[in-house]
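In our numbering, the protein residues as written are 2 to 153.
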């Protein structure tokens with residue numbers, strides 16, 4: 002059944018290897034289930050609800066990636082954007098978390114439309130490499146700053 006569904010032999014993998022890879026991926030990502038609700042709780046979101054939403058988003062996203070794209074890629078909420086959401090938008094700008102989540106939903110719809118219309122690749126290719134690297138480094142420093150502030 003796994004062979005027919007995922008074409009394991011065509012990719013040169015075994016069920017045992019896939020289970021090991023899945024366990025490794027799980028262990029490297031499970032921290033998100035704890036950290037994401039903790040960050041969102043600081044914005045006023047119920048941590049229990051954030052925990053369930055994080056688990057559901059990761060499970061559904063990863064399952065869809067495997068079943069629809071036939072790719073072994075695990076998905077979960079991003080740690081950079083949730084920190085931006087909580088600390089910059091909600092706490093920094095004073096926007097309520099409900100309004101901010103509405104904006105996140107609308108941006109998701111826009112991203113879906115841009116992806117379906119094949120505009121996303123054009124936009125990404127238009128960003129210079131130095132800017133892409135700078136954005137990634139900036140998000141990393143932002144997360145580090147949040148971690149250091151959390152330590153006292």
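By construction, the Cβ of each residue, glycine as well, lies at the ideal position given by its N, Cα and C atoms.
Burial state of residue i (16 or more Cβ within 10 Å)
{"i": "residue 51", "result": "buried"}
{"i": "residue 137", "result": "exposed"}
{"i": "residue 63", "result": "buried"}
{"i": "residue 68", "result": "exposed"}
{"i": "residue 1", "result": "The question about residue 1 has no answer, for the chain in this structure spans 2 to 153."}
{"i": "residue 40", "result": "buried"}
Supposed contact pair residue j and residue i - C-beta distance, whole angstroms, cut 8 Å
{"i": "residue 71", "j": "residue 7", "result": "6 Å"}
Straight-line gap, residue i to residue j (C-alpha atoms, nearest Å)
{"i": "residue 128", "j": "residue 120", "result": "13 Å"}
{"i": "residue 15", "j": "residue 27", "result": "18 Å"}
{"i": "residue 123", "j": "residue 66", "result": "23 Å"}
Collapsed DSSP secondary structure at residue i in the structure displayed
{"i": "residue 78", "result": "coil"}
{"i": "residue 13", "result": "coil"}
{"i": "residue 1", "result": "What the structure shows of the chain is the stretch from 2 to 153, and residue 1 is not part of that stretch, so it cannot be assessed."}
{"i": "residue 70", "result": "coil"}
{"i": "residue 108", "result": "helix"}
{"i": "residue 44", "result": "coil"}
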